Amino acid sequence: MSHSAKPGETYYAHQFEDAAQSHESITLGMWIFLITEVMFFGGLFAAYTIYRAQYSAAFDEGSHMLDITLGCFNTVVLILSSLTMALAVRCAQLGKMTGALFNMVLTLGLGTVFLGVKAVEYTAKFQHGLVPGPNFAPHGVHSFGLELYYSLYFALTGMHAVHMIIGAVILMVIIGLTAKGKINKTYNSPIEIFGLYWHFVDIVWIFLFPLLYLLGRH
Amino acid sequence: MILFGFNLLPAQASTAALSVDLVYLYIVAVTVFFTALIYGLVMFFSIKYRRRSESERPKPIEGNHLLEIIWIAVPLVIVLTMFAAGTIVYFYIFHPPKDGIQMYGVGKQWMWKFQHPDGRREINDLHVPMGTPVKITLTSEDVIHSFYVPAFRVKTDVVPGRYVQTWFEATKPGEYHLFCAEYCGTEHSRMIGKVIVMKPEDYAKWLSGQDVSSTGPKLSMVERGAKIFQDMRCATCHAPGTAAGLGPKLEGIYGHDVALEGGQTVKVDDGYLRESILLPTKRIVKGYQPLMPTYQGQISEEDVLSVVAYVKSLTPQAAPADAVAGGTPSDAAATAGTAKD
Amino acid sequence: MSGHVVPLRIYFGIFAALMLLTAATVWAAFQDFGILNTVVALGIAILKATLVILYFMHVRYSSGLVRISAVIGFVFLVLLIGYVAADVASRGWMPAPAPIQSAPLH
Amino acid sequence: MQTQKKPSYLSADHTIGSWLLTQDHKRIAIMYLVAVTLFFLIGSILALLIRLELLTPAGDLLQSESYNRVFTGHGVVMVFLFLIPGIPAVFGNFLVPIMIGARDMAFPKINLASFYVFLAGGVMILSAIVFGGLDTGWTFYTPYSSSYATGRVTIGALGAFTVGFSSIMTGLNFLVTIHKMRAPGLTWFRLPLFIWAHYATALIMVLGTPVVAIAIVMVALEHLFGFGFFDPTKGGDPVLFQHLFWFYSHPAVYIMILPAMGVISELIACFSRKRIFGYKLVAFSSLGIAIIGFLIWGHHMFVSGQSAYAGLVFSLITYIVAIPSAVKAFNWTATLYRSSVSWKTPMMYVIGFMGLFAIGGLTGLFCANLAVDVHIHDTYFIVAHFHYIMVGGTIMGYLGALHFWWPKMTGRMYSEAWARLSAIFVFFGFNLTFFPQFLLGYLGMPRRYHFYPEEFQFLNIMSTAGASLLGLGYLFPIFYLMWSLKKGEQAPANPWTAKGLEWETTSPPPTTNFDKTPVVTEEAYAYEK
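Protein chains in written order, with this note's numbering: chain L, 701 to 918; chain R, 5 to 345; chain G, 57 to 162; chain C, -19 to 509.
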């Protein structure tokens, strides 16, 4: 579908009256989707809150087992990727497509670094037999609540990782379209919208990091 | 209440039944009145103002604030009275009394297993005396069931992993339906039984009659609990009467608060005792090491109920009768039969 | 053009603030504030999330409708967690029957 | 004002691709209509099987497993594949853009995607029912669904998850379209109440569906990998699943009834030629139902082990949510005062709706009551209550909408006599089916029972008789509406001389709805002009 509009004019779809209405609608649409994402992760956060209150000893022990340096590193990587994504959106708004392309590739790189670190942490869990299910090797004293902790750990970080992977794939598509010129000065709302999604995934990690890694360290 | 040959209300066979039915009939009256009002007006207006000719242009009526306020305020008051009635009945009638018999029940996929305090066990049927409150503590061994006796207007979901309490006081002798009201699998509709309400003297006679269901000497729950306490070698850590062994002493703790590791305190009730048996490291008493192994899967829910009853009997209660019934632990151990049912 | 363009120094300022707050939350985790630890950890996380929402996601420069939709998700999430926590906390309140002994009847 | 004959959206293009890959909200609505009707038929067949089984106290028609699968299938298909998408996806998709003077939905591609995601979810659910069957009830309660259920729980549950995703897309589309694409002059208080109702429904779809989605994902994780979320042997709490499930599923019953209320407002205004009495209050009570609807899910859990004090709060707020529905009922009745009521088929469904919705709504007061609910929870009283709301309310609204906008959607009129006869069949068949179940419920017959004690048989026979009458009533429309497609007379642009933007364009409307975007100058339902 060709997105070339008259020069200086931004492109907008046929059902909209003008570019402003198109932009507002698309932004509002993305924000409403983010509401559903907040409620989606919310269910897991509710379960975490309830079980943390009931099994605080086991949850403390569970969070002690996590590698905090990897957690900190991942948080820094993700916040950095949020910055580069914001810069990419800014470049797109100013029409500097090469700058946007560069920043987006940086964001993609940081995203894959984050997923790589996650993969390392997961393999460590598999080796120590900390994956809930029939072969969950209970060790440590509070083994009873531990399986619940790791169920929530894998559900929360797993769901977050799935959202990262989907984000990375979409980012690759956008990078491809920008490189080919399909996304250009007159039509760059996909970059802006993807920026909102990426920042949301960063916010989820901002909450996950303290809840899973830090509580109970003292 | 009989109408056209079949009754509209189930038998009122418990103290709670009448008050629940009164709240029910009050709401029925409100429903009938408002349905007749709304539907009557709709039919009346639709017929009285039916369209005579296509060119009719009725005068527009924007609205009327007074009317709007009236039909917000009046329904609000009515529903609040319903709320009040329901809550009063719920909290007073469903408030468990102090006295009465304590029974135990276990829901298992597609059967009910009841235990009387004197150890009598029944499957699907439950004999209860008339005129005395019967408190029943229920748990489930697998999925969620629901203990429902329509004649007593009593229902409570039986959640696995927890004790659930309910009570009733039967007022009319007879046999009443017992249903499982929460879908629990293939034979959900077969998980039914009978609650047989008997006069107190018949109940006592029935109790002393031959208990056909379990072999070996008829042990009361407390005695059975003591035997299991021995067989499972709980005494090695919780030796009754000795000073602080490896495990906290169990005498005189029932009903009181106990300090836990990490600063909280917990009231020692049936639920906490069960949890300490099945999930010991969940909440550890202050000053003790988490050494107790979990008995999850090695001890059935009925045996847990008996051990809980035994531990409760270790706490001297105000009522003197219990001391007799419970018997000192040593007697119970001595009479422990060899056969393990 | 579409949307408000945020100057570079604000982006880098916010990034620095986020880095600082991350360091702060890690430091705070190892101090023993007792029950306050959770409050501090969550407070810092909320602060970081607000910064990202306001500046990186341009909510500070967006229309009222976008602001409402940014907030309403969290409002209903707090409602869900609050109600469920209230239920779980108040389960023990219904006065369980006073502890009576078994078999008073002979 | 018949301009040169622009091709209607139906005759614009006849290739298969133009239908399957369409972005025209009207064509997507027609595809939804076909899919939703198919699912309704499957659900109805399952319902008839249940009623046949319950004709006799002994369970002699089906074995227990297959009966459990039949009632679960009836529940899941009817709730997730007919009632939730029903009016919003068919009439909402078709009419929301036209009623606000827009050319199309805000996101046409997402609209088409929502249809295919809906189909995928539907196929998953039906495959779960056909291959090995889902026998957990539509509520998927754990630990039965996560640890003990034998059937295809995971595929069935993920099917419900997928259909939920389609519902989110529809809700998102409605919210953005209503906010951003209204015609000039169309202020919020000039909007038809149909739009207000769909706005409130979209709010619930967006805020509630994700929570049941994550609950279903947790059940699937527990069923497949043994994660211990709701497994009591691992410390999980089954009541927590009920909280997450009912946080969505109670507002979901408002997703089912609010669109029907929107339809009723439209129909009453048109067939009594009068403005809706207290327009603003009726509009705000739609929003009130949607918002307060999120605070009261606990009344499904009074006996489930939830704390008594939480039950107290849920019971109080549940009584308060009854007020907006009462306000609507009174305002509709007041609209009929000094009006000119024409008893055409849509209006017959409205009059039927008024009676049945009154009973359905008022019997909700029993379930909100702490003391009475202990007795009637999980009995046939509850089954009767929600069928009065869903079948007496939503389906009467759905059929009323179908008969009201059929000329606009297809350009054909249907035979009035047959339509009125089927409306009468539906009304009396419905009452005979479900009123006896109130009595059965209070007598204590539990739900989801394959066989029951003898004393309940007489009422069950009445109910089964009613079910066959109701089934007949639902079959008629298929015949005379299909017949009208071929031989029905051509429908004028405004067959009911109704007010509303959708009646100012041709029937069936052109692909871009209007030649030029209309400007709205008068109030909603200005029937006096």
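Every residue gets a Cβ at the ideal spot worked out from N, C-alpha and C, and that includes glycine.
Since this is a predicted model, take the numbers as computed values, not measurements.
Is the shortest distance between the beta-carbon of residue i and the beta-carbons of chain C less than 8 Å?
i        : result
R/Ser224 : no
R/Gly165 : yes
R/Pro100 : no
L/Ile724 : Per the sequence shown, residue 724 of chain L should be read as Glu rather than Ile. True, the Cβ-Cβ gap to chain C drops below 8 Å.
G/Asp163 : This structure gives no information on residue 163 of chain G, because the portion of chain G shown stretches from 57 to 162.
R/Val185 : Reading the sequence as shown, one finds Ala at residue 185 of chain R and not Val. R/Ala185 counts as touching chain C.
R/Lys63  : yes
L/Ala861 : no
L/Ala719 : no
Would you please verify whether the beta carbon of residue i is less than 8 Å from any beta carbon of chain L?
i        : result
R/Ala155 : no
C/Arg427 : no
G/Gly148 : no
C/Pro88  : yes
G/Leu80  : For the sequence presented, residue 80 of chain G should be read as Ala rather than Leu. It does not; no Cβ of chain L falls within 8 Å.
R/Lys286 : yes
C/Met198 : yes
C/Ala270 : no
G/Leu173 : For residue 173 of chain G there is no data in the structure shown, the boundaries of chain G being 57 and 162.
R/Leu250 : no
C/Leu138 : no
C/Leu201 : yes
C/Leu187 : yes
Measuring only between beta-carbons, confirm whether residue i sits less than 8 Å from chain R.
i        : result
L/Gly916 : no
L/Tyr755 : yes
L/Phe854 : no
L/Gly845 : yes
Thinking residue i and residue j are a contact (beta carbons under 8 Å), I'd like their distance in whole angstroms, please.
i        : j        : result
R/Ile288 : R/Tyr299 : Contact flag wrong, Cβ pair sits at about 16 Å.
R/Glu173 : R/Pro137 : 4 Å
R/Gln268 : R/Gly189 : Wrong, their Cβ atoms sit about 37 Å apart, outside the cutoff.
C/Met185 : R/Ile42  : C/Met185 to R/Ile42, Cβ: 29 Å. No contact.
L/Thr886 : L/Thr710 : 5 Å
L/Leu915 : G/Thr94  : 6 Å
C/Trp386 : C/Leu461 : 7 Å
Give a single yes or no on whether residue i has its beta carbon closer than 7 Å to a heavy atom of the ligand ADP.
i        : result
L/Ile732 : Of the ligands one can find in the structure shown there are none, so the ligand ADP has no counterpart to examine.
Are the CB atoms of residue j and residue i within a distance shorter than 8 Å?
i          : j        : result
C/Phe282   : C/Leu345 : no
C/Leu(-10) : C/Pro490 : no
C/Thr325   : C/Glu246 : no
R/Val315   : R/Leu254 : yes
R/Gly111   : R/Leu142 : yes
R/Met236   : R/Gln119 : no
C/Phe74    : L/Ala855 : no
C/Phe174   : C/Gly102 : no
Can a CB atom of chain G be found closer than 8 Å to the CB of residue i?
i        : result
C/Val191 : yes
L/Leu912 : no
Under 8 Å, with one C-beta from each stretch per pair, do the segment 369 to 388 of chain C and the segment 324 to 339 of chain C reach the 3-pair mark? yes
Using a Cβ cut-off of 9 Å, which residues of the segment 729 to 740 of chain L contact any Cβ in chain G, in chain order? Trp731, Ile732, Leu734, Ile735, Thr736, Glu737, Val738, Met739
Taking Cβ-Cβ distances below 7 Å as the criterion, which residues of the segment 112 to 140 of chain G are in contact with chain C? Leu121, Phe132, Leu135, Leu136, Val140
Check whether the segment 867 to 875 of chain L and the segment 808 to 828 of chain L touch, using three or more Cβ-Cβ pairs below 8 Å as the test. yes
Interfacial residues, the segment 286 to 299 of chain C to chain G, with Cβ spacing under 7 Å: Gln286, Ser287, Ala288, Tyr289, Ala290
Is it a yes or a no for the segment 228 to 241 of chain C touching the segment 366 to 375 of chain C, going by three-plus beta-carbon pairs under 8 Å? yes
What residues in the segment 21 to 45 of chain C have a beta carbon less than 9 Å from any beta carbon of chain R? Gly39, Gln43, Ser44, Glu45
Beta carbons nearer than 7 Å to chain G: which residues of the segment 773 to 784 of chain L have them? Thr775, Val776, Ile779, Ser782, Leu783
For the segment 765 to 772 of chain L against the segment 11 to 20 of chain R, are there 3 or more C-beta pairs whose distance is under 8 Å? no
Would you list, in chain order, the members of the segment 324 to 349 of chain C that have their beta-carbon closer than 8 Å to a beta-carbon of chain R? Met327, Ile331, Met334, Gly335, Ala338, Ile339, Leu342, Thr343, Leu345, Phe346, Ala348, Asn349
Would you call the segment 9 to 28 of chain C and the segment 114 to 124 of chain C touching, i.e. three or more CB-CB distances under 8 Å? no
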